[in-house]
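Using our numbering, count along the sequence shown one by one with no gaps and you end on 229. Take a look at the structure set out below.
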Amino acid sequence: MSSTELTITPPADPVPAAELAARFPGAIILPFDGIWPKIDASCYVAPGAVVVGQVEIGPESSIWYGCVLRGDVNHIHIGRGTNLQDGTIVHVSRLAHPTLIGDDVTIGHRAMIHACTLMSGAFVGMSATVLDGAVVEGGAIVGAGALVGNDKRVVTGELWGGVPAKKLRDLGEEGMPRLAATARHYSGLAASHQEIAREVLGAAVVPIS
Numbered sequence: 021m022s023s024t025e026l027t028i029t030p031p032a033d034p035v036p037a038a039e040l041a042a043r044f045p046g047a048i049i050l051p052f053d054g055i056w057p058k059i060d061a062s063c064y065v066a067p068g069a070v071v072v073g074q075v076e077i078g079p080e081s082s083i084w085y086g087c088v089l090r091g092d093v094n095h096i097h098i099g100r101g102t103n104l105q106d107g108t109i110v111h112v113s114r115l116a117h118p119t120l121i122g123d124d125v126t127i128g129h130r131a132m133i134h135a136c137t138l139m140s141g142a143f144v145g146m147s148a149t150v151l152d153g154a155v156v157e158g159g160a161i162v163g164a165g166a167l168v169g170n171d172k173r174v175v176t177g178e179l180w181g182g183v184p185a186k187k188l189r190d191l192g193e194e195g196m197p198r199l200a201a202t203a204r205h206y207s208g209l210a211a212s213h214q215e216i217a218r219e220v221l222g223a224a225v226v227p228i229s
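Below, the structure written as structure tokens:
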């Protein structure tokens, strides 16, 4: 797959709306204008996370503690094996831009993702902000605390940082496997946290396979 193409694996086994509360104990999952989120059964949505409206989350992705995904005035699509770490906020633009997040994307703690596109294999660091119309290609890194402005494009193999963000340097080839490893690590970690939620909250949760 080209890093300049967007692939979003949709939910293969979406949890029925009536079963969302039992499947993801402690999470707040709500409809907006009658539209419920579509979340694959293999996902992990942590207690305290909020998912509202037109949100689709593909297989094996994880939405961690304190995240807010608000698909009210446009839609949010998230692919396979992507992790949104604690405190991340994802929103959309009413007039122009949904938020599209591909497969195997890592989004660090307390990031702000607004009406933009993160291609498969992209990495957004802790407390970074990516604004309307911006694109982060696969194999690119937005550094911690960076502010990627409207309609900017972070190209494969580049590290961007600062406020406003700009290119800092090219990434070496040795950095690419680490990006993929981070996504895999969070997929595995999610299973342990899901088991804790099941034990403590007492919900009949099907283990992540």
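Think of the CB as a built atom: it goes at the ideal place given N, C-alpha and C, for glycine as much as any other residue.
What is the rounded straight-line gap between the Cα of His134 and the Cα of Thr119?
-> 7 Å
Do you know how far the Cα of Ala210 is from the Cα of Thr202?
-> 12 Å
Boundaries (first-last residue) of the beta strand (DSSP E) holding Arg100 | Note, Arg100: premise wrong, no beta strand (DSSP E); not H, not E.
Taking the runs of the beta strand (DSSP E) that are 3 residues or longer, which of them lie wholly in the region 37-110?
-> 48-50, 70-77, 88-98
Cβ-based neighbour list, Gly181, same chain, cut-off 7 Å, excluding 5 preceding and 5 following | Gly163, Ala166, Leu188
DSSP-derived helix/strand/coil call for Gly163 = coil
Per DSSP, Lys187 is paired with what?
-> Trp180
Provide the residue(s) that pair with Val220 in DSSP beta bridges, ordered along the chain.
-> Note: Val220 sits in no beta bridge, so no partner.
For Arg173, which beta-bridge partners are listed by DSSP?
-> Val155
Segment limits, beta strand (DSSP E) that includes Glu120 = With the sequence shown as reference, residue 120 is identified as Leu, and Glu is not the correct amino acid for it. Leu120 -> beta strand (DSSP E) spans 119-121.
Quick one: what's Pro34 bridged to in DSSP?
-> Asp60
Hey, out of Thr176, Leu104, Val155, Arg130, whose CA is closest to Glu193's CA?
-> Thr176
Can you tell which of Ser81, Asp60, Asp152, Ile96 has its C-alpha closest to the C-alpha of Val74?
-> Sequence inspection shows Gln at residue 74; the Val mentioned does not correspond to that position. With distances taken between Cα atoms, Gln74 lies closest to Ile96.
Backbone CA spacing between Val155 and Ala217 [nearest angstrom] | 34 Å
Closest by CA to Pro79, which one among Arg173, Gly107, Leu26, Ala32?
-> Ala32
Arg90 and Gly107: beta carbons closer than 8 Å?
-> no
Nearest residue (CA-CA) to Val35, options Ile49, Thr27, Thr29 | Ile49
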